[in-house]
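Peer 1: Protein chains in written order, with the working numbering: chain A, 90 to 201; chain B, 5 to 110.
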Amino acid sequence: EPEVTQTPSHQVTQMGQEVILRCVPISNHLYFYWYRQILGQKVEFLVSFYNNEISEKSEIFDDQFSVERPDGSNFTLKIRSTKLEDSAMYFCASSETGQVEFFGPGTRLTVL
Amino acid sequence: TQLLEQSPQFLSIQEGENLTVYCNSSSVFSSLQWYRQEPGEGPVLLVTVVTGGEVKKLKRLTFQFGDARKDSSLHITAAQPGDTGLYLCGPGKLIFGQGTTLQVKP
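1. Within the 7 Å Cβ cut-off, does A/Y139 reach chain B?
2. Mind pulling the chain B residues with CB within less than 7 Å of A/Y122?
3. Check each residue of the stretch 83–94 of chain B: if its Cβ is closer than 9 Å to any Cβ of chain A, include it; give the result in chain order.
4. Between the beta-carbon of A/Y122 and the beta-carbon of A/S137, is there less than 7 Å?
5. My guess is that A/L201 and A/L166 are in contact by the Cβ rule of under 8 Å, so how many angstroms apart are they, rounded?
6. Quick one: measure Cβ to Cβ for A/V93 and A/I168, integer angstroms, because I've assumed they're closer than 8 Å.
7. Is the beta carbon of B/V108 within less than 6 Å of some heavy atom of the ligand PLP?
8. Quick check on A/I127: buried or exposed, where buried means 16 or more other Cβ atoms within 10 Å of its Cβ?
9. Might you give, ordered along the chain, the residues of its own chain that have their beta carbon closer than 8 Å to the beta carbon of B/C27, omitting 5 neighbours on each side?
10. Which word fits A/L119, buried or exposed, when buried means at least 16 other C-beta atoms lie within 10 angstroms of its C-beta?
11. Roughly how many angstroms lie between the CA atoms of A/F192 and A/N141, to the nearest whole one?
12. Under 8 Å between beta-carbons, which chain A residues line up against B/S35? List them in chain order, please.
13. In this structure, how does DSSP classify B/D75 when only helix, strand and coil are distinguished?
14. Extract the residue ranges of the beta strand (DSSP E) inside the stretch 98–183 of chain A, only unbroken runs of 3 or more that lie entirely within it.
15. Below 9 Å between beta carbons is the criterion; list the residues of the stretch 39–64 of chain B that meet it against any residue of chain A, in chain order.
16. Taking the beta strand (DSSP E) that B/N28 belongs to, which residues open and close that run?
17. So which residues of chain A does B/F100 contact, with C-beta pairs closer than 7 Å?
18. On the three-state DSSP scale, how would you describe B/G94?
19. What residues from chain A crowd round B/G103, counting only those whose CB sits closer than 7 Å?
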């Protein structure tokens, strides 16, 4: 069964460092998303991506965040200068239809 | 801003019991999704409801979309320990409820 994959599963970084979280969406999907979930809190939408551009983004997705689909298969989330409050699970998701269907297993980001 | 309220926040029951959890909003939704999330994993889509009054069944899980498409419920019959998890509802990609944490004890 096709699935969304994410790497790494856990990333530890120092405050102020840049991190890149990687996702491989399901191959025939056209819509891609990033979400985050701070421990014990709700899943929060960050950004959606369609047709090689951002289609929607939330207030959380400020200038320190960027997304890219560098090679037609990977979908990355870059956080330029991490802050302590960026510590969270980051989930990638992909969809054929525009409804969020398949989530990846997540990357746990810990900022020290 | 659309707001979603899920209730109850926490539910702990014995295996074999029935339960209902709710997802309510003041906004009308064109569709609503229900997900289950286990600790350390991503949410898994269970169902999408689209039509007001719609009822969908997934084995022991029954999902209902309110007539006005502002609310939904999930009923689980004869809960099993494998049903344990966080149940999330959401109208699409932008928002999710805070979820109902269900614990089913053997």
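Glycine residues also receive a C-beta, built at the ideal position from the N, C-alpha and C atoms.
A quick note: this is a predicted structure, and the numbers were derived from the prediction, not measured.
Peer 2: So, from the data block:
1. Output row for A/Y139: interface = no.
2. K97
3. Residues passing the 9 Å Cβ filter: L92 and G94.
4. yes
5. At roughly 19 Å, the Cβ-Cβ gap does not stay under 8 Å, so A/L201 and A/L166 are not in contact.
6. About 19 Å; that fails the 8 Å criterion.
7. The model depicted lacks the ligand PLP and carries no ligand whatsoever.
8. exposed
9. L8, E9, Q10, L36, W38, D75, S76, S77, L78, C93 and G101
10. exposed
11. Between the alpha carbons of A/F192 and A/N141 lies a gap of roughly 19 Å.
12. Q188
13. strand
14. 99–102, 108–113, 120–126, 133–139, 142–146, 154–157 and 164–168
15. Y39, Q41, G44, E45, G46, P47, V48, L49 and T52
16. L23 to N28
17. K131 and V132
18. Reduced to three states, the DSSP call for B/G94 is strand.
19. K131
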